[in-house]
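Those protein sequence lines, which keep their order, are chains A and B. Residue numbering for the first sequence follows the working numbering, starting at 1 and increasing by one per position. Residue numbering for the second sequence follows the working numbering, starting at 1001 and increasing by one per position. Even for Gly, the Cβ is constructed at its ideal location relative to N, Cα and C. Every value quoted in this text rests on a predicted model; they were computed, and no experiment measured them. Okay, structure first, notes after.
2 protein chains.
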Amino acid sequence: MNIAFIGFGKVASTLVQLVNSPDITFLTSHEKRSKDTMDLIKESEVKDCPTLKEAVENADIVISANSPSNAVEAALEYGKYCKGIFLDLNNISPKTALKINDLTENFVDGAIIGKIDSKNPILYLSGKNADKLLFLNDFLSVKVISDNVGDASNLKLLRSSYTKTLSVLLIESYRLAESLNLEDEFFDILKLTEGDDFKEKSLSRINNTLKSTKRKSEELEEILDCYNAQDLEMVGAALKKLRQFEH
Amino acid sequence: MNIAFIGFGKVASTLVQLVNSPDITFLTSHEKRSKDTMDLIKESEVKDCPTLKEAVENADIVISANSPSNAVEAALEYGKYCKGIFLDLNNISPKTALKINDLTENFVDGAIIGKIDSKNPILYLSGKNADKLLFLNDFLSVKVISDNVGDASNLKLLRSSYTKTLSVLLIESYRLAESLNLEDEFFDILKLTEGDDFKEKSLSRINNTLKSTKRKSEELEEILDCYNAQDLEMVGAALKKLRQFEH
Chain A
1 MNIAFIGFGK VASTLVQLVN SPDITFLTSH EKRSKDTMDL IKESEVKDCP
51 TLKEAVENAD IVISANSPSN AVEAALEYGK YCKGIFLDLN NISPKTALKI
101 NDLTENFVDG AIIGKIDSKN PILYLSGKNA DKLLFLNDFL SVKVISDNVG
151 DASNLKLLRS SYTKTLSVLL IESYRLAESL NLEDEFFDIL KLTEGDDFKE
201 KSLSRINNTL KSTKRKSEEL EEILDCYNAQ DLEMVGAALK KLRQFEH
Chain B
1001 MNIAFIGFGK VASTLVQLVN SPDITFLTSH EKRSKDTMDL IKESEVKDCP
1051 TLKEAVENAD IVISANSPSN AVEAALEYGK YCKGIFLDLN NISPKTALKI
1101 NDLTENFVDG AIIGKIDSKN PILYLSGKNA DKLLFLNDFL SVKVISDNVG
1151 DASNLKLLRS SYTKTLSVLL IESYRLAESL NLEDEFFDIL KLTEGDDFKE
1201 KSLSRINNTL KSTKRKSEEL EEILDCYNAQ DLEMVGAALK KLRQFEH
């Protein structure tokens, strides 16, 4: 079986390492790629085809793992050459997933939960052909949600809306506690209901959020753009608050 | 040692059961009490004095466990007869704690975290005389926060602002998940980062909040009233959202 990658970054190179089988050959191409990507291709167990078109044409599965902004373009340019399954792992919105579904045959909507190079990444899939990718369970956790393209992307956004808004709530509560000189007690008292790792987890969430307020804001904007923003007052407030921290 | 109760409801009767020592006598009075309270007094190991004034005058520790709205009045009426420590357990705001501090000698600000009749209630105390109540550690968990009257009440409000706002965020996220037919997957996916009991805990928080939206709204209002509401956008959004559920 041949698996081709459109885009060859961290997701692709990690999948090549994880999905280690004599029956599987990975394909990609250095065509129009940066020096860093070419280095990564050379270091990985992947066949470097002269063109990406050739890699895609010869693949049973095509994995688009580029960037959200290039996802539609990649599907538009290479989807037509794909005879097998077209799996998108670009962190796209449900709307974009439906768009790509129109541009490709046998589309599968995919979302990686957790970092791909973390201990236990989980690959959530949805779409009519998602079941055909269940063999990947031999190499990493794969969960098929439903036949509906968009559900994997929806689930990723749902999770994101909860965790990112929670992080902003943590920032607000922590700052109030700090202003009262009660930050240690705040963590102690909440440990009782939120678990022993509450302090460690909360500080890590607060720091991660404050480190990249612009990106987090954009992600919250995408959520409000994707769903009925009127019903998402908490996400709206989190976005408003986060913007105050942007420079 | 004599401990007198102003107000004799669940908190007082549970404390009488917990603080079980031959060296301690509990006092209260049926004066101006309802039939239910009089029944509770009869069932409890407490000495029923002819008047509350007499109970308070003879006490080393007076515990005011009435209701937030009666806390100041109780202190005003009986504080002057109290020769020992005056401990308030009325779930009052930090502002009210400072007010009562002016009305009584040897005031201790107290907050019970968790329900008093739960498995492990914790009594948080603050104020110059709080240390003198550490002997209660023989009977239940007692933590002294600081010398500052108001800190125990602040900590209770801080906790409340986080947990109640979180509950509203859970309602929002859950409803979005429901609208996408992904509520089971929402819980499954968040279990990975939020702990195995995430679903059970979240549903219980959602139900508790929706069962008493009016009371929860009032508690959020109190928080906004007590601190700089402008800095508490998340609490503000939670209050706004909760009010939509009120009938």
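Rank the options by C-alpha distance to the C-alpha of residue i and give the top, closest one.
| i | options | result |
| --- | --- | --- |
| A:Glu-183 | B:Gln-1017, B:Leu-1210, B:Asp-1151 | B:Asp-1151 |
| B:Ala-1167 | B:Glu-1200, B:Asp-1188, B:Ile-1006 | Note that residue 1167 of chain B corresponds to Ser in the displayed sequence, not to Ala. Among B:Glu-1200, B:Asp-1188, B:Ile-1006, the Cα nearest to that of B:Ser-1167 belongs to B:Glu-1200. |
| A:Gln-17 | A:Leu-136, A:Asn-101, A:Ser-179 | A:Leu-136 |
| A:Leu-134 | A:Lys-143, A:Thr-96, A:Asn-20 | A:Lys-143 |
| A:Val-235 | A:Ile-206, A:Phe-5, A:Leu-158, A:Glu-246 | A:Leu-158 |
| A:Leu-242 | A:Asp-196, A:Thr-193, A:Leu-170, A:Ala-229 | A:Leu-170 |
| B:Leu-1052 | B:Leu-1015, B:Ile-1006, B:Ser-1013 | B:Ile-1006 |
| A:Asn-228 | B:Cys-1226, B:Ala-1177, B:Glu-1221, B:Leu-1203 | B:Ala-1177 |
| B:Lys-1119 | A:Thr-193, A:Met-38, A:Leu-203 | A:Thr-193 |
| A:Thr-25 | A:Ala-4, A:Asp-39, A:Leu-40 | A:Ala-4 |
| B:Pro-1050 | B:Arg-1033, B:Ser-1202, B:Leu-1040 | B:Arg-1033 |
| A:Asp-39 | A:Leu-15, A:Val-62, A:Val-19, A:Phe-8 | A:Phe-8 |
| A:Leu-203 | A:Glu-221, A:Phe-187, A:Lys-240, A:Glu-222 | A:Phe-187 |
| B:Gln-1244 | B:Glu-1031, B:Thr-1037, B:Asp-1088, B:Ser-1212 | B:Ser-1212 |
| A:Thr-37 | A:Ala-71, A:Ser-141, A:Val-19, A:Lys-10 | A:Lys-10 |
| B:Val-1019 | B:Ile-1041, B:Asp-1088, B:Ser-1141, B:Ala-1071 | B:Ser-1141 |
| B:Val-1149 | B:Asp-1088, B:Gly-1195, B:Glu-1221 | B:Asp-1088 |
| B:Lys-1214 | B:Tyr-1124, B:Lys-1240, B:Ile-1041, B:Lys-1128 | B:Lys-1240 |
| A:Leu-15 | A:Ile-41, A:Lys-35, A:Glu-31 | A:Ile-41 |
Tell me whether the beta-carbon of residue i lies closer than 8 Å to the beta-carbon of residue j.
| i | j | result |
| --- | --- | --- |
| B:Phe-1198 | B:Leu-1190 | yes |
| A:Leu-232 | B:Glu-1172 | yes |
| A:Ser-126 | A:Asp-102 | no |
| B:Ile-1113 | B:Ile-1122 | yes |
| B:Tyr-1081 | B:Val-1046 | no |
| B:Glu-1013 | B:Ser-1064 | The sequence given here has Ser at residue 1013 of chain B, not Glu. Not closer than 8 Å, so no. |
| A:Lys-156 | A:Ala-97 | no |
| A:Glu-219 | A:Ser-160 | yes |
| B:Leu-1180 | A:Asn-154 | yes |
| B:Ser-1217 | B:Glu-1246 | yes |
| B:Lys-1132 | B:Cys-1226 | no |
| B:Ala-1075 | B:Thr-1104 | yes |
| A:Tyr-174 | A:Ile-206 | yes |
Measure the beta-carbon distance from residue i to residue j and round it to whole angstroms, keeping in mind my assumption that it falls under 8 Å.
| i | j | result |
| --- | --- | --- |
| A:Phe-139 | A:Phe-107 | Rounded, the Cβ-Cβ distance is 22 Å, inconsistent with contact. |
| B:Leu-1027 | B:Asn-1066 | About 15 Å; that fails the 8 Å criterion. |
| A:Pro-249 | A:Ile-100 | Here chain A comprises residues numbered 1 to 247, so residue 249 of chain A is not present and cannot be evaluated. |
| A:Asp-48 | A:Ser-21 | That belief does not hold up - the Cβ atoms of A:Asp-48 and A:Ser-21 are roughly 20 Å apart, past 8 Å. |
| B:Lys-1164 | B:Ala-1238 | 7 Å |
| B:Gly-949 | B:Ile-1061 | Limits of chain B in this structure are 1001 at one end and 1247 at the other, which puts residue 949 of chain B out of reach. |
State the beta-bridge partners of residue i as determined by DSSP.
| i | result |
| --- | --- |
| A:Lys-47 | A:Leu-27 |
| A:Gly-110 | A:Leu-125 |
| B:Ser-1146 | B:Ser-1126 |
| B:Phe-1135 | For B:Phe-1135, which the question treats as bridged, DSSP gives no partner whatsoever. |
| A:Phe-245 | Answer by DSSP bridge pairing: none, since A:Phe-245 is not bridged. |
| B:Asn-1002 | B:Thr-1025 |
| A:Ser-141 | A:Ile-122 |
Please specify which runs of the alpha helix (DSSP H), each continuous and at least 4 residues long, are wholly inside the stretch 37–92 of chain A, giving them in chain order.
Fully enclosed alpha helix (DSSP H) runs of 4 or longer: 52–57, 71–78.
Which runs of the alpha helix (DSSP H), 4 residues or longer, sit entirely within the stretch 146–215 of chain A?
Taking only runs of at least 4 residues, the alpha helix (DSSP H) segments lying wholly in the stretch 146–215 of chain A are 151–179, 183–194, 198–211.
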